[in-house]
């Protein structure tokens, strides 16, 4: 759990670094992967020497994860441009709900009744962030920011589930996924506004920091933790990221979401915290069997 939290804290700097680079969304998405590939390949080589080559199934799942990660980054970096670093990160982390329900179908990790109750509440928070009822909403286009954030969540959830299903390794699958994401972003960038292949300094410096910090260190820590705990718990721990990003964006970038948008953030976070709590475990009876009248229906 500590490793996942540390990874989430590191990747919480992603969106502010994207904003500080000042480049187009496709450019920042491309270079955060391109610059991350060499150190990730070095870590994967060290892991391969210790554990042997990756199984074919793990490699194929990592490639699929890389494709979903490409869409995740492209949509998310556009959301940052539309609605700011803090709000875009909150919206991108709606993946908590998608992961929980998908993990039920794929891994048998059944979501709790609390999650079912919290789902419409959380999406009410999304409406508040969109600025539909708010003349003072922050961002160049809050509605487009919400749509891009929702697309980010779908892609992000698919990426987390594919990485969890791959293996208990960290560096190898992430290196494959990052390399595939770089190629996919380069191919898809014309559909997302195009990428500048020669950004000037200091943009290169911010992009290099984005790659080595959040992309390499942050995601290595998170990928290491994914197979070692339930998928929905990992998604919950990653909520550390949006909360920290909102604070960093306010302090470093001067982002000032409206009161209604901040209320939407609070609704989302509180709803996810409530919905992701574990159900109380029934005490075993003297014969060592659980009370059949209080079944445990949640692993969230």
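Numbering (this note's numbering), first residue to last: 62 to 361. Glycine residues also receive a C-beta, built at the ideal position from the N, C-alpha and C atoms.
Counted within 10 angstroms of its Cβ, other Cβ atoms place residue i as buried (16 or more) or exposed
i: residue 390; result: Summary: the structure shown does not reach residue 390, with the chain confined to residues 62 through 361, and so no result is reported for it.
i: residue 178; result: exposed
i: residue 112; result: exposed
i: residue 312; result: exposed
i: residue 267; result: buried
i: residue 232; result: buried
i: residue 368; result: The chain is shown from 62 up to 361; residue 368 falls before or after that span and cannot be answered.
i: residue 110; result: exposed
i: residue 248; result: exposed
i: residue 240; result: buried
i: residue 118; result: exposed
i: residue 351; result: Note that residue 351 has pLDDT 42, beneath the 50 cutoff, so the model's placement of it is unreliable and no number is given.
Cut-off 6 Å between Cβ atoms - residues of its own chain near residue i, not counting five sequence neighbours on either side
i: residue 321; result: 189 and 195
i: residue 144; result: 200, 203 and 206
i: residue 256; result: 87, 88, 91 and 250
i: residue 282; result: 64, 67 and 68
i: residue 236; result: 101, 102 and 105
i: residue 142; result: 86
i: residue 303; result: 150, 151 and 154
i: residue 325; result: 186, 189 and 190
Residues near residue i by beta carbon distance below 8 Å, same chain, minus five either side
i: residue 301; result: 66, 69, 70 and 73
Residues near residue i in its chain [Cβ-Cβ closer than 7 Å; skip 5 each side]
i: residue 218; result: 156, 159, 160 and 163
i: residue 153; result: 137, 140, 210, 213, 214 and 217
i: residue 265; result: none
i: residue 332; result: 179, 182, 183 and 186
i: residue 314; result: 77, 80 and 146
i: residue 83; result: 264
i: residue 285; result: 64 and 231
i: residue 75; result: 271 and 275
i: residue 277; result: 97, 100 and 101
i: residue 120; result: 237
Distance between beta carbons of residue j and residue i, contact taken as under 8 Å
i: residue 310; j: residue 77; result: 6 Å
i: residue 146; j: residue 306; result: 6 Å
i: residue 223; j: residue 126; result: 4 Å
i: residue 259; j: residue 134; result: About 20 Å separates the two Cβ atoms, so there is no contact after all.
i: residue 132; j: residue 238; result: Going by Cβ atoms, the distance from residue 132 to residue 238 rounds to 12 Å, so no, they are not a contact pair.
i: residue 128; j: residue 226; result: Actually they are not in contact, since the Cβ atoms of residue 128 and residue 226 sit about 15 Å apart, beyond 8 Å.
heavy atom of the ligand COA below 8 Å from residue i C-beta
i: residue 117; result: For the ligand COA, the structure offers nothing, since it holds no ligand at all.
Would you check if there are 3 or more beta carbon pairs closer than 8 Å linking the region 172-188 to the region 98-108?
The region 172-188 is not in contact with the region 98-108.
Kindly confirm or deny that the region 90-102 and the region 260-276 touch, where touching means at least three C-beta pairs closer than 8 Å.
Result yes; three or more Cβ-Cβ pairs closer than 8 Å.
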